[in-house]
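Novice: Heads up, the sequence shown is in full-length UniProt numbering, so the first residue is 3 and it goes up one at a time.
Backbone N, C-alpha and C define an ideal beta-carbon position, used for all residues, glycine too.
All figures in this text were calculated on a predicted structure; none of them were measured in a lab.
One structure, pasted below without further comment.
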Amino acid sequence: TRPAILIARDVFPEVVERLQAHFDVETTAPGVTRTAQELAQSLQGKVGVMTTGGERIDATLLAACPQLKIAANIAVGYNNFDLEAMTASGVLGTNTPDVLTETTADFGFALMMATARRMTESEHFLRAGLWKQWSLDLFAGAEVHGSTLGILGMGRIGQGIARRGAHGFGMKVIYHNRSRLDAATEGACGARYVGMEELLAQADHLVLVLPYSPAVHHIIGATEIAKMKPTATLTNIARGGIVDDAALALALRERRIAAAGLDVFEGEPAVHPDLLTVPNVVLTPHIASATLKTRMAMAMLAADNLIAYLTEGRALTPLNPQVIPG
Ligand code: GLV
Ligand code: GLV
3 TRPAILIARD VFPEVVERLQ AHFDVETTAP GVTRTAQELA QSLQGKVGVM TTGGERIDAT
63 LLAACPQLKI AANIAVGYNN FDLEAMTASG VLGTNTPDVL TETTADFGFA LMMATARRMT
123 ESEHFLRAGL WKQWSLDLFA GAEVHGSTLG ILGMGRIGQG IARRGAHGFG MKVIYHNRSR
183 LDAATEGACG ARYVGMEELL AQADHLVLVL PYSPAVHHII GATEIAKMKP TATLTNIARG
243 GIVDDAALAL ALRERRIAAA GLDVFEGEPA VHPDLLTVPN VVLTPHIASA TLKTRMAMAM
303 LAADNLIAYL TEGRALTPLN PQVIPG
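Put into structure tokens, the structure is as follows:
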């Protein structure tokens with residue numbers, strides 16, 4: 003009999019077909035999500051699972067699913083994996099780096115621009131039939147070209163955003179990261195390394211692109227926001243929990259910064275109610291990598307990881323390669 007796997011969220015039929023050539027596949031209907039208990043139940047007898055950020059693979063689940071060998075995440079971020087627990091259980095985790103880098107950088111830049119230029123706030127005004135109230139400063143926003151772009155988290159996506167700003171929009175680009183890039187990489191993306199304090203104080207537009215870990219929980223809170231320019235914008239395409247959403251909502255209401263653009267939220271798909279009532283925020287439902295081409299490439303890479311590991315004992319983009327039997 004063929005190995006059995008679960009696709010924990012509805013994916014493209016092409017991806018299901020590719021997997022069905024190798025495995026007995028349990029699929030998931032559109033819109034269906036599982037509780038942790040339901041996920042453990044569906045994983046009985048399965049050796050592989052294809053997940054999204056919505057499914058947690060942790061010690062409790064692993065203890066209930068001793069046959070599991072691999073979880074293939076359709077995302078570059080993997081904070082839904084307890085990688086330490088997976089490694090301890092000999093379960094491989096994989097993610098989808100690289101295939102989404104440029105698409106996600108496009109969106110980060112677009113969200114920053116929409117935030118600076120007040121695009122959703124002004125659309126609401128137009129739809130409400132208020133355009134008669136024209137004035138010279140109607141929805142006058144913040145300049146993008148020539149301004150200072152600050153990037154917190156300078157991985158592949160951060161570098162893509164830096165290149166767009168430096169080379170496309172003549173922006174001065176500064177960044178902060180756990181480790182400094184080499185001079186050649188800094189040069190290629192036109193970015194200068196600064197400390198966290200300088201990043202906060204100098205950025206006209208601050209974009210967050212760092213991976214989530216408990217160490218960066220609420221790394222942007224009331225204290226950090228207070229160090230930003232009152233005219234600055236804040237864009238988060240990284241992960242919920244990196245920003246203290248309650249503190250941000252209050253700062254936006256009190257205009258301590260000009261505006262924010264958020265694609266990720268603490269506890270999503272729930273959104274802090276205060277963020278829904280402040281006008282100077284652009285809100286999107288975690289879609290930074292969402293073009294059809296890129297979402298297909300991500301799901302296919304996750305499928306190829308499942309196939310490579312379960313049929314040949316190797317993986318394309320392993321997170322904990324030490325569990326691969328050598
Ligand atoms: C999306 O947030 C991802 O991690 O790919
Ligand atoms: C993700 O690929 C990143 O390194 O930013």
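1) Taking the DSSP output, what are the residues bridged to K174?
2) Curious, which full-length alpha helix (DSSP H) runs of at least 4 residues does the region 244–275 contain?
3) What residues in its chain sit with their C-beta under 7 Å from that of G197, if we drop five residues either side in the sequence?
4) Hey, out of M302, M298, V245 and G148, whose CA is closest to A217's CA?
5) For ligand 1, is there any heavy atom lying closer than 7 Å to the beta carbon of V78?
6) Note down the Cα distance separating D60 from V93, rounded to an integer number of angstroms.
7) So what's F111 in DSSP terms, helix, strand or just coil?
8) Is it the case that the region 101–121 contacts the region 137–157, given that we only count it when at least three CB pairs across the two stretches are under 8 Å?
9) Assign H126 to buried or exposed, taking buried as 16 or more other Cβ atoms, counted over all protein chains shown, within 10 Å of its Cβ.
10) Is S291 near ligand 1, in the sense that its beta carbon is under 7 Å from a heavy atom of that ligand?
11) Could you tell me if the beta carbon of G55 falls within a distance shorter than 7 Å of some heavy atom in ligand 1?
12) Under DSSP, the beta strand (DSSP E) around E28 begins and ends at which residues?
13) If we ignore side chains and look at the alpha-carbon of each, how far apart do I72 and M300 end up?
14) Check the C-beta distance from L210 over to T237 and give it rounded, since I have them as a contact under 8 Å.
15) Determine the closest residue to P281 out of D247, T293, L132 and R257, with distance taken between C-alpha atoms.
Specialist: By the coordinates alone:
1) T150
2) 247–255
3) H178
4) V245
5) yes
6) 11 Å
7) helix
8) yes
9) exposed
10) yes
11) yes
12) D26 to E28
13) 16 Å
14) 7 Å
15) R257
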